[in-house]
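Engineer: Structure provided below as structure tokens; questions to follow.
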Amino acid sequence: MISKSHASSIRGCYQALGVRRFYEERGGDYVNPHFATLVEVTPGILSEILLPRLYEIAANGGMLDLCCGSGEMTVIFRSWLEEVNSTIEMDISAADPFTCEAYKRSTGKMAETWSFEDVCDGVLDDLGLSFGLVCISYAVHLLEPSRNSAFFQNLSRHSRLMLIVSPTKNKGIVDESLGWRQAEYRTVQRIHFRLYETLV
1 MISKSHASSI RGCYQALGVR RFYEERGGDY VNPHFATLVE VTPGILSEIL LPRLYEIAAN
61 GGMLDLCCGS GEMTVIFRSW LEEVNSTIEM DISAADPFTC EAYKRSTGKM AETWSFEDVC
121 DGVLDDLGLS FGLVCISYAV HLLEPSRNSA FFQNLSRHSR LMLIVSPTKN KGIVDESLGW
181 RQAEYRTVQR IHFRLYETLV
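Start counting the sequence shown at 1; every next residue gets the next number (UniProt numbering).
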């Protein structure tokens, strides 16, 4: 279950410190307050919308856990691959400018320090990277609305699929003008899962 006090305390810190300062000061200790619920509901959703696409994801660079926090989606994705007895070799990368320590503590892996702004400014172009799937969990609300176009259009050139996991509907944030077509939508326990396919 979600800890309402934990979730409320993070919202309170956002209001008191601002989002950027909160993560600068506390990113190393960050834990998603929705983690237990994500562990409960996400594997079933992944089986519904991603299982038929695993070969495609692996063959095109694996998964990028973007704005990865403490690595909840990496942990869940790894566990799910074992659960479905996948023998596919899957590369999992991650990036977050503030929570690298928290990510390493929970996953044992290092994360890149790319931010949303870095993606907007072409870091994936500069490094020549592409992925089969980019997952953005509980983070789209941190993206400045003025940068939506640059961010999603850049991603559409570097990933076949994009999964947005959010406690809010985020309806209309991503559309075909930004290079993506919504392929799947599920909602469980007020968590929204939207899978997009690139149009590029």
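No residue lacks a Cβ here, since even glycine has one placed at the ideal position from N, Cα and C.
The beta strand (DSSP E) with L134 in it runs from where to where?
Structural biologist: Locating residue 134 in the sequence shown gives position 134, where the first residue counts as 1. In the sequence as displayed, the identity of residue 134 is Val instead of Leu. Run containing V134: F131 to S137, per the beta strand (DSSP E) assignment.
Engineer: Beta carbon of V75, beta carbon of T37: below 8 Å?
Structural biologist: As a working mapping, residue 75 is identified with position 75 in the sequence shown. As a working mapping, residue 37 is identified with position 37 in the sequence shown. No, Cβ-Cβ distance for V75 and T37 is not below 8 Å.
Engineer: If you run the structure through DSSP and keep just helix, strand and coil, what is Q182?
Structural biologist: Start at 1 with the first residue of the sequence shown, and residue 182 comes out as number 182. In this structure, Q182 counts as strand in the three-state DSSP scheme.
Engineer: Which residues bound the beta strand (DSSP E) around E89?
Structural biologist: On the sequence shown, position 89 is the one that residue 89 refers to. Taken as a continuous stretch (DSSP letters only), E89 belongs to no beta strand (DSSP E), as it is neither H nor E.
Engineer: Can you give the Cα-Cα distance for E48 and I88, rounded to whole angstroms?
Structural biologist: The residue given as residue 48 occupies position 48 in the sequence shown. The residue given as residue 88 occupies position 88 in the sequence shown. Their Cα atoms are separated by approximately 18 Å.
Engineer: Between the stretch 181-193 and the stretch 40-54, can you find at least three pairs of beta-carbon atoms closer than 8 Å?
Structural biologist: Touching, yes.
Engineer: Which whole-angstrom value is the C-beta distance of L163 and L133, which I expect to be below 8 Å?
Structural biologist: For this step, residue 163 is matched to residue 163 along the sequence shown. For this step, residue 133 is matched to residue 133 along the sequence shown. The pair is a contact, with the Cβ atoms about 6 Å apart (cut-off 8 Å).
Engineer: Where are the beta strand (DSSP E) runs, 3 residues long or more, that stay fully inside the stretch 53-85, in chain order?
Structural biologist: Within the stretch 53-85, the complete beta strand (DSSP E) runs of at least 3 residues are 63-66.
Engineer: Using 8 Å as the threshold, is the C-beta distance between C100 and A111 below it?
Structural biologist: Taking the first residue of the sequence shown as 1, we reach residue 100 at position 100. Taking the first residue of the sequence shown as 1, we reach residue 111 at position 111. Against a cut-off of 8 Å, the Cβ pair of A111 and C100 comes out as a contact.
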